[in-house]
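Mapping of the sequence shown onto the working numbering: position 224 corresponds to residue 1320, and the numbering continues sequentially without gaps.
By construction, the Cβ of each residue, glycine as well, lies at the ideal position given by its N, Cα and C atoms.
First the structure, in the form of structure tokens, and then the observations on it.
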Amino acid sequence: TMETDEVVVRFEAEPTTATFPEPAPLKYPPEGKVGRAGCPLVIDFGSYEVRAGWAGEEAPLAEFRSLTGKARAQNGDTVTLAGNQLICRDISKSSVRSPFERDVLQHFDTAEILLDYTLHRMGINTDRLNHPVMITEALCNPNYCRARTSEILFECYGAPAVAYGVDALLAYDYNASPSLDTAMGPWTGPSESGLLVHVGHSCSYVIPITGGRALLEHSYRMGVGGGACTQAMMQLLHLRYPQHRQALPLHRAQWIKENYAWCVPGDYLEELRQYRTWEGCAARTTRFQLPFTDKEVPPVTAEDLARRKRLRQDQAERLREMARVKREAKLLALAKHTRALQDIQAQLRAAKPSAPAD
């Protein structure tokens, strides 16, 4: 805290391979009915994160960033990495990329690397995938992207069956259906009509629901999501603090957005009016301490002061000596120039003709 008892938020240290090790693969096949042969494998293939788990589980078992890239190992070889290891600062990496463009799967070579890593994290090391796959997709996903994804799952992994679903509609169905018996039919009760708003990392879309069914022909999709909010936050910070551009990269702006940004539940204009007074502005202000390295200043002794004084005196003496030498050289040059002018004057007098006689 500072002298005014104001709390200052300090950024967390950037992850390294020591503090953020690679998770070990899960046990396969897992104990119990879930995960046995024939149990569907659910993959939430998002543009920001990939989540994978078995059908029937309450939460995904593997979560990691949708990133792939090249890195240099300790022996000098170039290896391919995927997931959260790419955000570690002590890895010499290059060409980090995502398979998505505007929430649409475009780079299928990168997508295959992510699918390989997903199966590795789930512990599936069999010759072929013996589980049906349920994979999510974006709203209005092109048929070409779905066909290429199906080609990878069927031909590369030998999946017995593949199903697709929009993640927002699956979440709505999970919260609207009280039991699995009514999950297949139209929504009834309070969930019969509604407005589904999905805010993703790259895109957002709105889906109206009427009569227990989603009206996809009246849905709306926009290319603005959480990633655009993070970019806007970073640009505002760079505009406000241009001297700290290097210390405010994208991941720190995202950390600020996720931990300290909020949506106004009531009147937005009334919330802005609270910033007119000093008390209201101070109550809503959060201060952050950027990382820095303390410089150790050695204690100054009497001997150090005397040594510095002698150095200053020696430097002053050298400057005086340099000024004296420069002054003498200038005087010599002036004297030489004066003698040259006197010689010219004498020659002019000697060469002056005498007056003619009468």
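- Taking C-beta atoms as the reference points, W1283 and A1272 count as a pair closer than 7 Å.
- I1220 sits in coil when the DSSP states are folded into three classes, being neither helix nor strand.
- Counting other Cβ atoms within 10 Å of its Cβ, R1348 reaches 16 or more and is therefore classed as buried.
- S1194 sits in coil when the DSSP states are folded into three classes, being neither helix nor strand.
- Rounded to whole angstroms, the Cβ separation of A1155 and M1218 is 14 Å, and the two are not in contact under 8 Å.
- Counting only unbroken stretches of 3 or more residues, the beta strand (DSSP E) elements lying wholly within the region 1271 to 1359 are 1290 to 1295, 1300 to 1306 and 1316 to 1318, in sequence order.
- Residue range A1398 to A1446 is occupied by the alpha helix (DSSP H) that includes V1421.
- For R1193 against T1164, the beta-carbon gap comes to about 6 Å, under 8 Å, which counts as contact.
- As a beta-bridge residue in DSSP terms, F1141 pairs with V1146.
- Remark: fewer than three beta-carbon pairs, one from each stretch, lie closer than 8 Å, so the region 1218 to 1236 and the region 1172 to 1183 are not flagged as touching.
- The C-beta of F1141 has 16 or more other C-beta atoms within 10 Å across all chains shown, which makes the residue buried.
- Boundaries of the beta strand (DSSP E) around R1106: V1104 to R1106.
- For the options A1328, G1307 and G1319, the alpha carbon positioned closest to that of S1300 is the one of G1319.
- Residue burial is scored here from C-beta neighbours: H1433 has fewer than 16 other C-beta atoms within 10 angstroms and is therefore classed as exposed.
- C-alpha of L1249 to C-alpha of A1151: approximately 18 Å in a straight line.
- Its Cα nearest to that of H1216, the residue F1160 stands out among N1355, F1160 and Q1370.
- For the 7 Å CB-CB criterion, I1231 and I1139 form a contact.
- According to the DSSP assignment, G1165 belongs to the beta strand (DSSP E) that extends over T1164 to R1168.
- Assignment of T1112 by DSSP, reduced to helix, strand and coil, places it in the coil class.
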